[in-house]
Amino acid sequence: MTTRPASLTPEFLDSLVKRVPGSTGNTWKLTEVYTGDLLVELPQSSEADIVKASADARAAQEIWGSWSVKKRLGVMKKFHRLVIDNQMLITDLIQAESGKNRRMAFEESCDIPMGTSHYIKRAPKLLKDSKHAGPVPFLSNSTEVRRPKGVVAIIAPWNFPFATGVSDTIPALIAGNAVLLKPDNKTALSPLFGIQLLEEAGIPPGLVQVICGEGPDVGGPMLANANYVMFTGSTATGRVIGELAGKNLIGACLELGGKNPMLVLEDANIDEAVHAALFGSFGNSGQICMHIERLYIHDSIYDEFRDKFVAETQKLNVSAAYDFLPDMGSLVSVDHKDRVVSHVEDAKAKGAKVLTGGNARPDLGPAFFEPTILEGVTKDMLAGATETFGPVVGLYRFKTEDEGIALANDTDYGLNASVWSKDLNHAGEVARRIDSGNVNINDILATAYASKGTPSGGLKQSGVGARHGDQGLLKYTDAQNIGVLKKQVMGPQGKQTYDAYAKQTQTSLKIMRKTRLR
Ligand code: NAD
1 MTTRPASLTP EFLDSLVKRV PGSTGNTWKL TEVYTGDLLV ELPQSSEADI
51 VKASADARAA QEIWGSWSVK KRLGVMKKFH RLVIDNQMLI TDLIQAESGK
101 NRRMAFEESC DIPMGTSHYI KRAPKLLKDS KHAGPVPFLS NSTEVRRPKG
151 VVAIIAPWNF PFATGVSDTI PALIAGNAVL LKPDNKTALS PLFGIQLLEE
201 AGIPPGLVQV ICGEGPDVGG PMLANANYVM FTGSTATGRV IGELAGKNLI
251 GACLELGGKN PMLVLEDANI DEAVHAALFG SFGNSGQICM HIERLYIHDS
301 IYDEFRDKFV AETQKLNVSA AYDFLPDMGS LVSVDHKDRV VSHVEDAKAK
351 GAKVLTGGNA RPDLGPAFFE PTILEGVTKD MLAGATETFG PVVGLYRFKT
401 EDEGIALAND TDYGLNASVW SKDLNHAGEV ARRIDSGNVN INDILATAYA
451 SKGTPSGGLK QSGVGARHGD QGLLKYTDAQ NIGVLKKQVM GPQGKQTYDA
501 YAKQTQTSLK IMRKTRLR
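If you're matching positions, the sequence shown starts at 1 in UniProt numbering and goes up one per residue.
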């Protein structure tokens with residue numbers, strides 16, 4: 001029997017959901033994944049609630065946006081400390097609402113201090129005015145001013161509710177914006193607590209509004225009342241958000257799904273690759289956008305790798321517990337477990353072989369599914385072409401490197417890939433040939449994802465734009481171009497004919513190129 005953490009009292013949970021605007025009284029039942037027990041009745045926001053929330057956020061943004069970057073960063077420094085001080089409580093919330101194992105919930109909570117710390121360092125440089133040359137040397141100049149967009153809509157999925165919801169909020173705020181944050185109904189508690197901590201740190205009240213509701217109900221009004229949208233979720237919903245953004249003529253960053261390959265080259269360290277593949281395939285119960293669903297192994301080491309991988313998978317501790325012991329927890333919901341079951345059953349019916357796992361585990365909890373390794377998966381199977389988003393991985397052999405790379409690229413997605421070799425230079429060359437926004441050499445995903453200075457986004461159907469890096473902050477700003485001309489010299493001067501002016505201009509263009517003045 002799983003004992004819920006004592007920190008999650010009804011009073012505390014009620015205080016969190018009181019933050020959600022929900023004037024109609026409609027609610028959604030948010031449950032503890034391990035038991036199915038009701039945790040809270042989550043208010044659902046109507047269109048009128050969203051219009052008001054956006055207006056309130058905009059009013060708070062006028063204050064926040066007028067503060068200096070230094071003053072805003074002072075709040076973020078305090079927030080960074082508060083997150084670490086409250087990290088075990090955050091971990092309790094993430095675990096209860098998502099059903100993931102505690103190690104993963106803890107690691108998820110680390111994403112916020114890391115990203116916040118990066119932008120505390122980097123933002124002063126990025127948000128400072130920058131001077132550029134004007135068209136006329138000495139007599140003109142231009143200044144690039146970074147202005148906040150205004151109200152940013154952030155729509156987050158359930159798989160990393162705290163990381164995707166709160167860490168995308170931080171750069172939007174640092175840039176001077178207000179935020180309308182919409183978590184998934186299933187996992188609204190940890191983002192709500194994150195916003196409470198931001199208010200404790202000193203953001204103006206109302207600057208971040210948490211909107212709750214089913215996506216199709218709230219998406220339209222949110223985007224109609226925002227100046228930019230940051231969306232993380234499935235490729236199918238990403239298309240809908242892209243259309244809404246186009247209709248409202250606002251910018252969008254779309255972080256979408258994947259079908260990520262791991263490529264184990266002939267000279268890889270097999271034991272390390274096997275160990276990493278356990279996390280790659282089964283970390284967060286296979287519900288990480290960057291996790292591995294296709295594992296390509298060189299023919300010469302395939303049998304050894306497969307046998308070790310199956311043996312290690314069978315040793316994993318899969319259970320429902322609020323301590324650090326389990327290697328893997330539950331899937332997020334019974335509906336999602338049914339989707340994973342349908343992928344595995346479809347693969348079996350079409351001829352795939354189950355090497356280990358393959359079954360739901362209702363004895364552990366309503367949404368548990370075993371870590372599962374398949375062989376013989378083909379592209380006509382659901383698990384071969386589309387994202388399963390569960391603890392299910394297919395093993396494949398390749399004979400030549402060109403074949404392995406071609407197989408890795410044989411997908412509509414391009415979010416993440418993992419390449420294993422003892423020769424780092426060679427692995428780097430292979431990485432450049434893979435059509436993927438992120439490639440990790442001798443790691444699965446954390447090295448690329450946690451490198452906060454480098455943009456991280458998807459290619460192909462895996463997304464548009466990126467989070468992290470300079471663009472992860474600058475995308476939340478508009479560039480204003482203020483040009484200054486000290487004297488009216490562009491055009492014929494005095495009685496000069498246009499023919500003479502044109503000749504003079506051509507000479508000037510040549511001189512500016514030669515002298516590298518422009
Ligand atoms: P989803 O697309 O169903 O939902 C994501 C969010 O969008 C939820 O909050 C949902 O309520 C909302 N939503 C749904 N329809 C909407 C609409 N019409 N308007 C506005 N909002 C709407 O995705 P999911 O099942 O919650 O999450 C899993 C998916 O997210 C997987 O495909 C995974 O790969 C992807 N993901 C990607 C990244 C990344 O960084 N690339 C990170 C995490 C998850």
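For glycine and all other residues, C-beta sits at the position ideal for the given N, C-alpha and C. Values in this document were obtained by computation on a predicted structure and should not be read as measured data.
Give me the residue from the options with the minimum Cα distance to residue i.
| i | options | result |
| --- | --- | --- |
| TYR396 | LEU374, ASN409, MET381, LEU382 | LEU374 |
| GLU144 | ILE511, ALA268, ASP478, VAL332 | ASP478 |
| PRO157 | ASP346, ILE120, GLU214 | GLU214 |
| ALA408 | PRO216, ASP435, GLY99, GLY194 | ASP435 |
| LEU355 | VAL341, PRO371, HIS291 | PRO371 |
| TYR296 | ASN260, GLY329, LEU331, PHE279 | ASN260 |
| GLN488 | PRO137, HIS118, PRO113 | PRO137 |
| LEU8 | LEU82, GLN61, MET88 | MET88 |
| LYS308 | PHE324, MET290, ALA273 | ALA273 |
| GLU199 | ARG19, GLY220, ALA311 | ARG19 |
| SER66 | HIS336, LYS348, PRO148, VAL377 | PRO148 |
| ALA385 | PRO362, ILE405, ASP410, ARG361 | ASP410 |
| PRO135 | THR454, ILE63, ARG306, MET490 | MET490 |
| CYS110 | LEU82, LYS121, LYS128 | LEU82 |
| LEU325 | LEU139, ASN416, PHE106 | PHE106 |
| GLY99 | ASP346, GLY483, VAL332, LYS399 | VAL332 |
| VAL240 | ALA96, PRO216, MET262, TYR228 | PRO216 |
| residue 571 | ARG467, ALA175, ASN440, LEU127 | With the chain covering only 1 through 518, there is no way to say anything about residue 571. |
| LEU127 | ASP168, THR169, ARG72, ASP85 | ARG72 |
| VAL33 | ASP14, ASP56, GLU97 | GLU97 |
From the DSSP secondary-structure annotation, give me the bridge partner or partners of residue i.
| i | result |
| --- | --- |
| THR27 | PRO43 |
| MET328 | VAL318 |
| TRP420 | VAL264 |
| ILE155 | LYS182, PHE231 |
| PHE398 | HIS298 |
| LYS131 | THR143 |
| PRO148 | THR477 |
Cα separation between residue i and residue j?
| i | j | result |
| --- | --- | --- |
| LYS350 | LYS29 | 38 Å |
| ALA163 | ALA431 | 27 Å |
| THR507 | LYS131 | 26 Å |
| GLU47 | GLU41 | 19 Å |
| ASN177 | ASP92 | 29 Å |
| ARG146 | TYR322 | 45 Å |
| ASN185 | LEU197 | 20 Å |
| ASP380 | PHE389 | 17 Å |
| LEU39 | PHE369 | 23 Å |
| ASP423 | HIS291 | 23 Å |
| PHE282 | PRO391 | 5 Å |
| GLU304 | GLY257 | 31 Å |
| ALA502 | LEU509 | 11 Å |
| VAL210 | ARG306 | 46 Å |
| ALA153 | TYR302 | 46 Å |
| GLY206 | LEU16 | 14 Å |
| GLY494 | ALA500 | 12 Å |
| LYS337 | LEU364 | 13 Å |
| GLY286 | THR447 | 18 Å |
| ASP271 | VAL377 | 24 Å |
| PRO362 | ALA347 | 21 Å |
Confirm, please, whether the CB-CB distance from residue j to residue i is below 8 Å.
| i | j | result |
| --- | --- | --- |
| GLY202 | GLY165 | no |
| ASP327 | VAL318 | yes |
| LYS452 | MET104 | no |
| TYR498 | LYS460 | no |
| SER421 | VAL218 | no |
| ALA123 | VAL179 | no |
| LEU181 | VAL151 | no |
| GLY36 | PRO366 | yes |
| GLU293 | VAL393 | yes |
| GLY437 | GLY458 | yes |
| ILE63 | PRO204 | yes |
| SER142 | ILE482 | yes |
| THR116 | PHE79 | yes |
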